[in-house]
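Novice: Respectively, the protein sequence lines represent chains A and B.
Under this note's numbering, residues 2 to 115 are what the first sequence spells out, in order.
Under this note's numbering, residues 39 to 153 are what the second sequence spells out, in order.
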Amino acid sequence: SQQGEEDPQALSIQEGENATMNCSYKTSINNLQWYRQNSGRGLVHLILIRSNEREKHSGRLRVTLDTSKKSSSLLITASRAADTASYFCATDRNSGGGADGLTFGKGTHLIIQP
Amino acid sequence: DTGVSQDPRHKITKRGQNVTFRCDPISEHNRLYWYRQTLGQGPEFLTYFQNEAQLEKSRLLSDRFSAERPKGSFSTLEIQRTEQGDSAMYLCASSFSILAGETQYFGPGTRLLVL
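#1: Enumerate in chain order the residues of its own chain whose CB-to-CB distance from B/T76 is below 6 Å, with the five nearest sequence positions on each side excluded.
#2: At a Cβ threshold of 8 Å, is A/T104 touching chain B?
#3: Just to confirm the assignment: which complete beta strand (DSSP E) runs, minimum length 3, are found wholly within the segment 101 to 126 of chain B?
#4: Could you compute how far the alpha carbon of B/L129 sits from the alpha carbon of B/D45?
#5: Could you pull the start and end residues of the beta strand (DSSP E) that B/Q79 belongs to?
#6: Give the range of the beta strand (DSSP E) segment to which A/I30 is assigned.
#7: Taking all protein chains shown into account, decide if B/L81 is buried (16 or more other Cβ within 10 angstroms of its Cβ) or exposed.
#8: Assess, as a yes-or-no matter, whether the segment 57 to 68 of chain A is touched by the segment 9 to 18 of chain A under the definition of 3 or more beta carbon pairs within less than 8 Å.
#9: B/R74: which of B/A91, B/N56, B/D62 and B/L84 sits nearest, CA to CA?
#10: Using a Cβ-Cβ cut-off of 8 Å, state whether A/K107 counts as contacting chain B.
#11: Does the CB of B/F134 have a neighbour CB from chain A at under 8 Å?
#12: Would you say the beta carbon of A/F105 comes nearer than 7 Å to a heavy atom of the ligand SAH?
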């Protein structure tokens with residue numbers, strides 16, 4: 002089945018630096034979403050980008066989508082200690098209008114060092 | 039708090055026992071999803087409701103698992119004859135949409151440990 006794959010699996014940077022995470026997927030999609038998960042907690046929705054969009058911004062977040070390469074990136078600028086978390090990309094299957102469950106990758110574990 | 043809520047937050051049970059989890063979605067949301075997440079992995083889709091109708095089930099959802107959403111509001115996920123491999127975080131999400139692929143809002147999850 003389709004699955005997003007995040008890269009890198011783990012990333013450690015200094016506070017104030019930018020963090021970039023990538024996601025690849027396998028089949029056509031309606032949209033791609035990024036979620037954040039703090040250790041042992043539920044997922045928090047960050048941003049949704051539709052298949053006809055190429056770039057989207059939300060605060061310190063910037064997401065790009067390249068449907069020709071089946072890939073997306075999440076950039077967090079001016080990182081803070083509170084950004085330490087796991088980040089997941091999630092895709093839905095383009096199944097002609099049906100609402101399918103999301104398919105998640107294994108996530109990127111981001112550590113922001115003070 | 040008007041977000042998705044789940045109960046209980048933690049459950050420890052012995053192998054072979056039955057457990058039931060509850061999810062209360064955001065009130066105006068017509069769609070409700072269940073996912074399972076094991077350590078170090080992303081969530082995996084289990085099943086999905088539109089209003090009270092269960093429209094899709096993953097092959098991960100064995101016969102021991104059953105989910106209901108009787109009045110199109112809250113949902114329950116029951117696991118019968120639990121096995122150690124059922125230990126995981128069970129996440130519920132909801133969304134409101136006419137079209138597919140809208141934002142899903144997740145609850146805090148129920149962490150299950152089967153001894």
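Quick reminder that beta carbons are idealized off the backbone N, C-alpha and C, glycines included.
Specialist: Answer, in terms of the structure:
#1: The sequence position of residue 76 of chain B within the second sequence is 38, counting from 1. Within the same chain, B/T76 has close Cβ partners A126.
#2: In the first sequence, the residue the question calls residue 104 of chain A occupies position 103. Yes, A/T104 counts as interfacial toward chain B.
#3: 103 to 106 and 113 to 117
#4: Taking the second sequence and counting its residues from 1, the one referred to as residue 129 of chain B is at position 91. Taking the second sequence and counting its residues from 1, the one referred to as residue 45 of chain B is at position 7. The alpha-carbon atoms of B/L129 and B/D45 are separated by roughly 11 Å.
#5: On the second sequence, position 41 is the one that residue 79 of chain B refers to. Here B/Q79 belongs to no beta strand (DSSP E), and DSSP marks it neither H nor E.
#6: As a first step, residue 30 of chain A must be located in the first sequence, where it is residue number 29. No beta strand (DSSP E) contains A/I30, which DSSP labels as neither H nor E.
#7: Here residue 81 of chain B refers to the residue found at position 43 of the second sequence. Per the sequence shown, the amino acid found at residue 81 of chain B is Pro instead of Leu. It is buried - the Cβ of B/P81 has at least 16 other Cβ atoms within 10 Å.
#8: no
#9: Start at 1 with the first residue of the second sequence, and residue 74 of chain B comes out as number 36. Nearest option by C-alpha distance: B/L84.
#10: Residue numbering aside, residue 107 of chain A sits at position 106 when the first sequence is read from its first letter. So yes, A/K107 belongs to the interface.
#11: For this step, residue 134 of chain B is matched to residue 96 along the second sequence. It does not: the Cβ of B/F134 has no partner Cβ on chain A nearer than 8 Å.
#12: Judged by which ligands are present, the structure shown has none, so any question about the ligand SAH falls away.
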